[in-house]
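Going by the working numbering, the final residue of the first sequence carries number 172, and the count climbs one at a time with no gaps.
Heads up, the beta-carbon is just placed ideally off N, CA and C, and yes, glycines get one too.
Just so it is clear, the structure is predicted and the values come from calculations on it, not from any experiment.
Worksheet for the structure shown next.
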Amino acid sequence: MGYWLMKSEPSEFSIDDLRNEARRTTHWDGIRNYQARNMMRDEMQKGDLVLFYHSNCDPPGVVGIAEVVREAYPDHTAFDPDDKHYDPKSDPDAPRWFMVDVRYRKKLRRCIPLHELKAHSQGKLQGFPLLRKGNRLSIMPVTKAQWDFIVGLE
DNA sequence: GCCAACGTTGGC
DNA sequence: GCCAACGTTGGC
Numbered sequence: 019m020g021y022w023l024m025k026s027e028p029s030e031f032s033i034d035d036l037r038n039e040a041r042r043t044t045h046w047d048g049i050r051n052y053q054a055r056n057m058m059r060d061e062m063q064k065g066d067l068v069l070f071y072h073s074n075c076d077p078p079g080v081v082g083i084a085e086v087v088r089e090a091y092p093d094h095t096a097f098d099p100d101d102k103h104y105d106p107k108s109d110p111d112a113p114r115w116f117m118v119d120v121r122y123r124k125k126l127r128r129c130i131p132l133h134e135l136k137a138h139s140q141g142k143l144q145g146f147p148l149l150r151k152g153n154r155l156s157i158m159p160v161t162k163a164q165w166d167f168i169v170g171l172e
């Protein structure tokens, strides 16, 4: 089983929004970064667990846990000229962008803020992509050890 | 609101 | 294929 971290701006889509979805499930559309796409398309598997991370807010941090419930399939929002994430270069016959479905599992009892994770950047979380300078990936892999440590901070 | 970091685009 | 310009991300 794999472990991931997925970022979302709570003003756009928060952990509470996910919980309020029908079947507590959403499709993770709008990813327009090749590295993130490749991980979704090639590596994410049904049953993988996801740290739900709130970015661009105060404080940014890990707020909950979700689960991959459907593996990658074409992101239809790329075909829609009216969509914010429209990409004319993605063709339904040769889709460029993909998404997965994720389901709400739980909220952490407290947000684990980024600054707290950073305190372990030389220790248990050494090399964790989120903590790398300039990191802008909205989806990143998490090792089992990193997962256990972060969830253990709750 | 600022700005560093980084990805993408497009002219050449 | 290089690289300057531009756009975006996201912490602060």
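Thinking C-alpha only, which one of Gln140, Val80, Glu172 is nearest Ile157? Val80
Gln164: which of Thr44, Lys136, Gly152, Met58 sits nearest, CA to CA? When only C-alpha atoms are compared, the closest one is Lys136.
Using three-state DSSP, classify Ala40 as helix, strand or coil. Collapsing the DSSP output to three states places Ala40 in a helix.
Comparing C-alpha positions only, which one of Phe70, Gly145, Asp109 sits nearest to Glu85? Phe70
Going along the chain, which residues of its own chain have a beta-carbon closer than 8 Å to the beta-carbon of Met24, five neighbours each way excluded? Trp46, Val68, Leu69, Phe70, Tyr71, Ala84, Val120, Ser156, Ile157
Is it true that the segment 121 to 141 meets the segment 97 to 110, where meeting means three or more beta-carbon pairs spaced less than 8 Å apart? no
I'd like the list of long-range same chain contacts for Arg114, defined as Cβ closer than 7 Å, with 5 residues on each side in sequence excluded. Ala96, Asp105, Lys107, Ser108
If I measure Cβ to Cβ from Arg59 and keep anything under 7 Å in the same chain, skipping five residues before and after, which residues do I get? Ala90, Phe116
Hey, out of Arg41, Pro92, Asp93, whose CA is closest to Tyr122's CA? Arg41
In this structure, how does DSSP classify Asp100 when only helix, strand and coil are distinguished? coil
Bridge-paired residues (DSSP) for Ser26: His72
For Phe167, report the span of its alpha helix (DSSP H) as first-last. Going by DSSP, Phe167 is part of the alpha helix (DSSP H) stretching over 162 to 170.
Same chain, Cβ closer than 8 Å to Glu39, five either side skipped, listed in chain order: Tyr122
Mind checking Asp76: buried by the 16 CB within 10 Å criterion, or exposed? exposed
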